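J.: One structure, pasted below without further comment.
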Amino acid sequence: MSRIPLIAGNWKMYKTGPEAVETALDLEKLCLDITDVEVMIAPTYLSLPLVATALRDSNIKVGVQNLYFEEQGAFTGEVSAQMTKAAGAEYAIIGHSERRQYFGETDLSVSKKIKAAIQSNLKPVLCIGETEAQRDEQKTFSILDKQVSNGLKGLSFDELENLVLAYEPVWAIGTGKTASVDQVDEVHQYLRSLLEKLFSKDFSGKTRILYGGSVNPDNVKELMGIKDVDGALVGGASLDAEKFINIIKYRDL
Ligand code: PGA
């Protein structure tokens, strides 16, 4: 089953609007000949419309890092799925571990956000991953099982047609520690079979599973060589266009 790799850059809380546009335009030039990989960047909400406009005629997709599940209303400080879609987002990263750790994101809010994203025709990127303590306590698989099952609860495989799963071990994010090939291989195989168990073999075969956590130009080729790894969610190394293009062009490394 062929799954086009997705290399996504999560820009987190970095870059002002003009800085984001500058990097996006640098990346656009470097990506002109990219056809075998889908590229996405997720700037801040403020930069989203600027970046989406700047990349309008490019082959780079734009996403958001979060959204709120209500359509509109008195929810000070929040932004709805519809609003991000109208501003040019195609993808929505949901349930990132930094949101779970620092902003009280739960599997329940994640599931509501996934539903809201789907209703607004955004492609959800569901982030899951265990902490170091959970791994040490041999709870990795039960945690991932819970995050996936609860995050996707009540949704049919038709609704989840554009779902992307991103396995990001919390202990590997922003730490420079990457999971080993064996660890990534084991978890991605597990997730592939979990999707089959929850939905169907066909669905599992079509759904992309990304790895995230200190991906950089030095380790990307090895990670992308793992059978069930269909792309990467990149934080720090996506902020610089010259560095990010080396990840995007991992096949040439
Ligand atoms: P990192 O972040 O590449 O800086 O580790 C990855 C992520 O948070 O998605």
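When you read off a place in the sequence shown, starting at 1, and then add 1, the result is the number in the numbering used here.
Ideal placement from N, C-alpha and C gives every residue a C-beta, glycine not left out.
Every value quoted in this text rests on a predicted model; they were computed, and no experiment measured them.
Could you tell me which whole beta strand (DSSP E) segments of length 3 or greater appear in the segment 92-157?
T.: 92-95, 124-129
J.: Let me know the secondary structure DSSP gives Val22 once reduced to three states.
T.: Val22: helix per DSSP, three-state reduction.
J.: Using CA atoms only, rank isn't needed, just tell me which of Asp253, Gly175, Glu169 is closest to Val230.
T.: Glu169
J.: Check whether the Cβ atoms of Leu68 and Ala93 lie closer than 9 Å to each other.
T.: yes
J.: Leaving aside the five residues before and after Ser98 along the sequence, list all residues of the same chain whose C-beta is less than 7 Å from its C-beta, in chain order.
T.: Cys128, Gly130, Glu169, Val171, Ile174
J.: Under a three-way DSSP split, which group does Glu72 fall into?
T.: coil
J.: Within 10 Å of its beta-carbon, does Arg209 have 16 or more other beta-carbons around it, so buried, or fewer, so exposed?
T.: buried
J.: In this structure, does DSSP put Leu49 in helix, strand or coil?
T.: helix
J.: Considering only C-alpha positions, which residue in the set Ile119, Arg136, Ala167 is nearest to Thr161?
T.: Here residue 161 turns out to be Leu, not Thr, going by the sequence shown. It is Ile119.
J.: Along the alpha helix (DSSP H) that carries Ile249, what are the first and last residues, could you check?
T.: 242-249 is the extent of the alpha helix (DSSP H) around Ile249.
J.: Pull up the DSSP beta-bridge partners for Lys62, would you.
T.: According to DSSP, which records beta bridges pairwise, Lys62 is partnered with Met41.
J.: In three-state terms, what does DSSP make of Tyr191?
T.: helix
J.: Which whole-angstrom value is the C-beta distance of Val63 and Val52, which I expect to be below 8 Å?
T.: 6 Å
J.: Indicate whether Val111 and Gly96 have their beta-carbon atoms separated by less than 9 Å.
T.: Judged by their CB atoms, Val111 and Gly96 are nearer to each other than the 9 Å cut-off.
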